[in-house]
Amino acid sequence: MKLPPIKLNWLDRAVQVHNYHVAQCRDESAWTLEKTAKSLNRSVGSVSQDFMIASWCKTHEKQLKRCRSMKDALEFIKDKKREMFREIEL
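Structure follows, in structure tokens:
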């Protein structure tokens with residue numbers, strides 16, 4: 267499978283990295299997050315952040331598109347998680 271392009275904005279890159287990982291998992295059942303990170307020359311932590319953003323993009327795409335940076339998107343997700351836990355505690 268072709269690797270994701272390098273010059274994507276942070277949100278597109280996160281989705282493409284996730285899609286790349288899923289495709290590799292279909293081709294090779296033993297594929298791991300570590301293998302994805304290594305094949306993309308990235309850290310496991312940064313790939314993991316991409317996965318989290320891609321996952322949240324499925325339900326909060328409009329809000330994430332308003333974020334100016336990946337850091338802002340991660341803060342948005344962190345805040346949303348806090349809200350969810352507060353609602354559970356009530």
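First residue of the sequence shown? That's 267 in the working numbering, and the numbers climb one at a time after it. Cβ atoms here follow ideal geometry from the backbone N, Cα and C, with glycine treated the same way.
| Item | Value |
| --- | --- |
| Limits of the alpha helix (DSSP H) - the one that T325 falls within | 310 to 332 |
| A280: first and last residue of the uninterrupted alpha helix (DSSP H) it sits in | 276 to 293 |
| Contacts around W297, its chain only, beta-carbon distance under 8 Å, and the 5 residues preceding and following it disregarded | H287, Q290, C291 |
| Test item: CB-CB of L299 and V313 under 8 Å | yes |
| Beta-carbon proximity of A339 to I354, cut-off 8 Å | no |
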